[in-house]
Structures are given as structure tokens and as C-alpha cells.
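Numbering (our numbering), first residue to last: 96 to 1033. Here the structure is laid out as C-alpha cells; the discussion comes afterwards.
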């Protein structure tokens, strides 16, 4: 059996065995292998036939390049793995064969069926192979050699051939359908008994005949078209044609050919009786049409059992307006009114005709142009002589004029009777079938319209109703017509002739015909204008006092808002000027130092001093921008683990300088477990802001107390519910004037201040609030006027053991790094600088200009990179989204993010990624990347 895989020889076949480091397997390095094994490897590597070797106690798999397509996606990882582990899904089938080979028995299989997991799916596969045991130096079986062929395609093809053959034989056995089989030249090679009965031939007489001999010449084009379809498409659309019988007579057949193997098979149904019945029906319809065309005073038409129009007389055209070609084949329901169709009248009429042979048809119908026609007639069922139903005959006479005259008389009588009961209001009478409205003369009295200006239609009334009221009035009327209410009552505005609007109360009564259908509505329009005006005047008088109060309060609020806005603008001006001043000072140092460094004759000592000046000034600029970001609550914090008490002790002397010598400052900071993970710089800034706020509240004289303690929860503040957990509470209490109760809810708002103009920006407590919330904590305030104020900042507490480990890790960081780092940065200048910097620090680097390019590199080389260093703000996929995708693809690959500002980080946090703030120090960059790589290795 030949393999289905390509067997063309390769001039220089790639040796799969050389692509694997064998020293890590139980076989050891290749140079230590037995001579027999090395020889076999040379044999299989030089062969274009799929071959493999299973060797050693661990039964390690070694194969050639031709065997790789059989492995599919298991290659190349399968090389050097245990054979039964590679084919774990068919272990049960292979284990007995492997055991026999290792027992020294040669195993030969001409066709083994295996269900394998290849190319991402479970599939059935067939193989022919032989296992030849190979003995080692001690004459023991050390493994076996296998040459194999995959014969799946041949097996499947043979299986399909058998299925087709079985189907052909089963089809030929059918007794009610003619089955004929054509050979390659379209001569009959097989026929069944049903076809022989249809033609009158014996099997010997039929076999060998061509379709041209059996088909009348006028049907040859249809047959030739079917042959072309079979040869090109594999099957032809079923078609009708005549065939010759043995006696020369003709019969009608429905033929459905289909290609099979080297010929075609055709299914044949004898439809001769159906064709004869159709011809008889056409003759009958022709005679009937002659009768229909002679009767023009009556509408005469026929319907099939599905109520489709099959004939149409001249009288039907005159009555309903449709031409024959427009209505033939369409549903007869089109002649009924929409309300009758919705009520199921067409179906009920046909149902009655079937039960009682005919059904009366006396009602309004609908013409082609949408108008109504009243007919009197009937619908009669049509049957075959055998009693089978073939359709319906409808005959109707147009009585529209007589009907309208009768209705006009009744309407006149009804209108006068209603007028006698009406008031001086406008009386109207609405014919729902024609959408015509008749108005009383009061329309001119109330609204000013002349009789010739009034249109007797519903559209004229709708045009006069105020657009804001029209839909509501329509809905109210529709509810009454549908019977959802006893009558119609609606208030709306109606246009006068002079352009103004009258307030109207409209009431209507629904009128039904003898069958209970709503056909008319009669009512009266009452003018409410004077009544509405009186109500408006009274309401305005009642609202005058309230309106004046609202205006006064609004004026005061506007004045307060204007004052506060001016204070905010002044504070922004002060802040902008201060920031510009500070940055100009910093830039002066940086620019001067940079210019000095450019001098070629500058001594190394002074060059070092100017470089240190630039670095120190950059640190000061970093602190200034971080404070500004904290004020705007857009800062991405740089959390570190530190002891709160030790951090306060480190700046307490500075705080004493800030508050002044007349403020007595005491600090109780003893707490061995008060560790938090937060931005230490922002923590110190928050302490300074609260100390300054306390100093100003005490007017520079008083007592300031700072204390810390561990807490197991945060109380509810500013309407928020309490929270449980481990926290560190930092309290700052002063003996100042206190804060009024009504101001407590506003003190953390940016630019809000209780101080005098030019004595505060209103940003200090805003920074405290932003720092606490971004650090996962809270800030609370307690104050009584004249009793002082206490601010409490709650920060999540870090367990002592975790804090100690973090501090120890930070202290032991090395200055050099190692590993391959993928740098993702959209700014070309920053990207090149980062890669050069990392290279100087000992890392290998690859730079990608965006997240999409970086993902492509990770896909191409999934094991190359030790860490990813990515910017956050990038076009397209940002750093957070990119980090999440990397984490999904390679959960163990560390991702370090860097950013100087990101609203995403400020609002959502770093999502568990290590974050390095721009501008960053070289030591911080080395430490963060080295720790990330070290944690991955651990």
C-alpha cells in the first residue's frame, strides 16, 4: 500500500535528529549512542519515506523529516519524548504492539485504524507499518525500527466507493420510481422494473439504448443541457420531457440525473396523468374565460383552493379596477377592506362555501385605487366530477350607488336627531370608512372659518390641531374606535382663522353598524378658552410671591458663585506664577550645566559636578510635577513599603520649621507594625499640607499633635459605608478656630478655602484627599468651632512580614542587570534612549514602536524575552491593555509599565503590574527589572 504523503527525494534532507539537544534526555549526547542507533538515524534521515525509531527503556521517539507531517502540530516537541506519551490519545491501541516489539517479535500491520488528535481536531486515520526489533550490544532488544505509510485517503476513498455502489443497488430496487443507469457514453447499462413498466421494453431491449433513441427530437435541447450539467456540476436540475414507449407512443416523465463513478444514474417519475389533467384544465379555463368576458355587468372571477385569482372577467375589471395581468396569481384577499382582512372575513367566506357549497358576499370591498365599492353576490365552491375541490367561483354585482343613497338618508336622519340634543358647541359627524367629517355651522362662530374654507375630511381637522397635542388626540380617538373606552374625550388646542389657538374639550360617541363594527363617530367641540384664561390668571397671582422669593435666592447664589469663581481664578493665577517661577529656576540650572558640559576643555571634576547638578535639579522638578498631579488627582502614585512612624520622625524637624516656633508640635510615632505601601513623597506632602492648614487655623499660635495607631476598619464618612480591614490611622489635631459644620462637606474640593483672599489656594486639602483615595484609603475630619480640628488619614496596613521582605529585597538590589528585555515605546527618541540605557546596564534589548508590533515579536519568539518594559500612553492599544494581553498569552512573563502621567492609571490603578514613574533613576530601572526577572526565575 502506497503512502498518501509526498515521497519526492530531497537533495539535502534536513536531519531532524540534529535539531534536538539529546543530552537532556535519557539517551544522552549523540556521540555516546550505540553504533546501531547512530546507523539507524543515518538511514531514516536520508529517506523520503516516513520512518521512526523507538529506543531505550524510556522508549524515546526519534523520527525523520518525512514523519513530521503525520505528527502535525506535535512536531517538533515530539522529538525526544516517550513514544506512548506523544501518542497518548491512542496509547491503548499502541501499547500491545510496542510490548510485542520489545519482546523481540516483528509486528506487521497492513491497516490499523487509529483515532488521533491532529491539526486541532480528533480524526480517524489509517496506517500500514512494521515494527522491527533492534538488539543492542548485549543481544537484548534495545528498541525497534518502524517504516510506515499513512493510507487514510485510500481507505476513505474505498469506503466512499462502497457507499455509492450500495446506494445505486438500493435505488435500482425501488419499484415505484424508475431508475436507469447510463454508462460513460450515455448508453443504458442498468434499469429497474419500474422503468421497464413505464416503457414496455424488456431489460434486453432497453440495455444499450442511448437517450437520443428514447427521446423525441424536440426534447433533445433539454436533455443536452442536463448532460452538460451532470458532466460539469455532478447533477442536473430535475426537468420534464417525453420518452418513447416500445410501441412508439409517448409518455411524460420527470427526470433527475446525477453523476456516479464513471457514468450517471437518473430517477424517473411517470407524470403522464398529471400532464393530461393540466391540459384538460387549460381547455376548460379557456371556455370559461369566453363566458366571463361576455358578462360586463357582473364581476366574475375564480380562485384556486389557496384563494389566488385564476380568472378575471371584464366585469371584474369594471367593478374593482384591476387589469387581469395585475390581479392574476395574487390573493383574492386584496379585494376585501383592511378591517375585513384583519377580522378574518375572507377565510370565513371560503369556510362557509366549503361547508354549504356557497357563501353570501354582501359587503363593502376595496378597489385598486383604495376607494370602496359595495357589492351583492356569492362565492361558490368548484369541484371535479370526482368531488375533489379545484377552486371557487365568485359572482358579484356593484350596488355602490344604491348603498350610498340609502346610507345618506340614514345619516341625515341621524344627524338631525343628534343636532336636536346638541348644544351651541361645534357638532361633527365622522364617517370612519371614508374619513369624511361633516361640521355644524358653529365652526364659523367659534373659530371664524367660512363654509367654503372647511374641508369635509379628517386631514383638515388634524391640520388645525396643535402639533404638540395631535398624537394624544389621535390615540384617544383610536382607543374609543377599538372599543377600549365607552366614548372619546380629549382636550387639545385648535387653530382659529386669525392664527390663534382655542382650548377645546372634545367629546365623541362611537356608532356601530348592524354587525357591531364601528362605522361612525359623532361629537361636539366645547370652547374652554375663557375658562383656561381665568385659571392661568389665578395661578399667576398665586405664584407671584413664590417667584419673587426664588429670584431673590437665585440672585444671592449667583453673587456667591461669582465671588468663589474669582477666588479660584486668583488662586490659579498664584499657582501658575509660582510654578513658572520654580521651573524657570530649575531650567536655569539645567541649561547652564548642560552648556558647561559641552565645553571640551572642562576638567573631569567640574564635569562630574555639573552632571550631578543636572540630576539633582531633575529630581526637584520630578517632585514639583508629582505635587501638581496630586493636586489634580491625576497622579499615578509610586507606592513603596515604609514604616509610617519612621517617615514622620524623618520630617518632624521640617514640620516644626513650617509651623513656626510659637506652635508646640508633639509626635507620638511608636508603632512597630505600622507599615503601609504608598507613595512616600506624596505622604510627606500631605503631612505638610495638613500642618500648614493647622498653623493657619491657629493663626500661628497653639498646639499641634501627630499620632499613629493600627486600626481594623474605617468608619463611614461623607455618606460612605464603613469598611473592614487592616489600616494605619495618622491623626493631626490642632487647637485652632475649627471649621463651621456647613463647610465640612466642601473643604476637600479643589480651590475651596475658608481663608481670606490671597491667603490660600484651596489646593492643600485637595492633595490630601487625592493621595488618600488613590492609595486605597480614606480621610476623615472632626471639628467644632472654637474647639480645634482633627484630620485622620487611613492607609491600608501591610503585614510586618511582607514589609520586612519588601525592604530586604530593596536593600539587596544589584546595580547590574541581565536577561533580554522587550522595550515597547511609541516615542522614537525615548525608545532608542531606553534600549541604549538598558544595554549599558547589562540587558539585551529589542525595541517595538507599539503594542501590536510587540505582540508580533512575542508570537514569533515566545521564549526569547525575560521581561517586557512598556510605556502606558501609546496610540492604539495602551500599556494597560497590552500588559493584560501579554499576561493572557504568557502568564509567567513579567510586565513593567512606565509613565509620567496617565488618567487610566489615576482612575483604575496599575492592575497589578509593576509601575516605574517618569523620569526614573537608573538605579530604580535596574532594580525593578532585575527583581521582576528574578521573581520569574524563582
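The beta-carbon is built from N, C-alpha and C at its ideal position, and this holds for glycine as well. As the structure is a prediction and not an experimental result, all values here were calculated from the model.
{"query": "Delimiting residues of the alpha helix (DSSP H) encompassing residue 868", "result": "859-869"}
{"query": "Whole-number beta carbon distance between residue 608 and residue 585, since they are thought to touch under 8 Å", "result": "So it is not a contact: roughly 24 Å between Cβ atoms."}
{"query": "Uninterrupted alpha helix (DSSP H) stretches inside the segment 920-984 (no shorter than 4 residues)", "result": "923-935, 946-955, 974-984"}
{"query": "Same chain only: Cβ atoms within 7 Å of residue 461, ignoring 5 sequence neighbours per side", "result": "430, 431, 432, 467"}
{"query": "Cα-Cα separation, residue 543 to residue 420", "result": "51 Å"}
{"query": "Supposed contact pair residue 990 and residue 982 - C-beta distance, whole angstroms, cut 8 Å", "result": "7 Å"}
{"query": "At least 3 beta-carbon pairs within less than 8 Å: the segment 177-187 vs the segment 133-141", "result": "no"}
{"query": "Limits of the unbroken beta strand (DSSP E) element including residue 243", "result": "236-245"}
{"query": "Cβ pair count under 8 Å reaching 3, the segment 450-460 against the segment 369-382", "result": "no"}
{"query": "Outcome for residue 454 when other beta-carbon atoms lying within 10 angstroms are tallied against a minimum of 16", "result": "buried"}
{"query": "Alpha-carbon to alpha-carbon, residue 150 and residue 236", "result": "9 Å"}
{"query": "Residue 949 versus residue 941 - alpha carbon distance", "result": "9 Å"}
{"query": "Residue from 154, 698, 537, 700 whose Cα sits closest to the Cα of residue 622", "result": "537"}
{"query": "Helix, strand or coil at residue 177 [DSSP, three-state]", "result": "strand"}
{"query": "Per-residue burial, residue 332 [other beta carbons within 10 Å of its own, 16 or more giving buried]", "result": "exposed"}
{"query": "Strand pairing of residue 583, partner residues [DSSP]", "result": "603"}
{"query": "Bridge partner(s) assigned by DSSP for residue 820", "result": "Paired residue(s): none; residue 820 is not in a bridge."}
{"query": "DSSP-derived helix/strand/coil call for residue 48", "result": "Residue 48 falls outside the range modelled here, since the chain spans only 96 to 1033, and no answer is possible."}
{"query": "Short Cβ contact (9 Å threshold) for residue 175 with residue 134", "result": "no"}
{"query": "Cβ-heavy atom distance, residue 940 to the ligand NAD, below 8 Å", "result": "The ligand NAD is not part of the structure shown, which contains no ligands of any sort."}
{"query": "N-terminal and C-terminal residue of the beta strand (DSSP E) that residue 223 is part of", "result": "216-230"}
{"query": "Burial state of residue 116, where buried means 16 or more other Cβ atoms lie within 10 Å", "result": "exposed"}
{"query": "For residue 1030, the three-state DSSP class (helix, strand or coil)", "result": "helix"}
{"query": "Exposure label - residue 1030; buried when at least 16 CB within 10 Å", "result": "exposed"}
{"query": "Under the three-state DSSP convention, the category residue 741 falls into", "result": "helix"}
{"query": "Burial state of residue 934 (16 or more Cβ within 10 Å)", "result": "exposed"}
{"query": "Nonlocal neighbours in the same chain, by C-beta distance under 7 Å from residue 952, ignoring five residues either side", "result": "917, 941, 943"}
{"query": "Residue from 970, 958, 968 whose Cα sits closest to the Cα of residue 986", "result": "958"}
{"query": "The segment 794-802 touching the segment 817-835, judged by at least three CB pairs closer than 8 Å", "result": "yes"}
{"query": "DSSP three-state assignment for residue 334, whether helix, strand or coil", "result": "strand"}
{"query": "Straight-line gap, residue 312 to residue 305 (C-alpha atoms, nearest Å)", "result": "13 Å"}
{"query": "Anticipated Cβ contact below 8 Å, residue 833 with residue 759, distance rounded", "result": "Not a contact, Cβ separation roughly 18 Å."}
{"query": "Residue closest to residue 314, alpha-carbon to alpha-carbon, out of 336, 598, 928, 286", "result": "336"}
{"query": "Inter-residue spacing [alpha-carbon to alpha-carbon] between residue 354 and residue 342", "result": "30 Å"}
{"query": "Beta-ladder partner(s) of residue 358, from DSSP", "result": "355"}
{"query": "Euclidean distance between Cα positions of residue 334 and residue 405", "result": "25 Å"}
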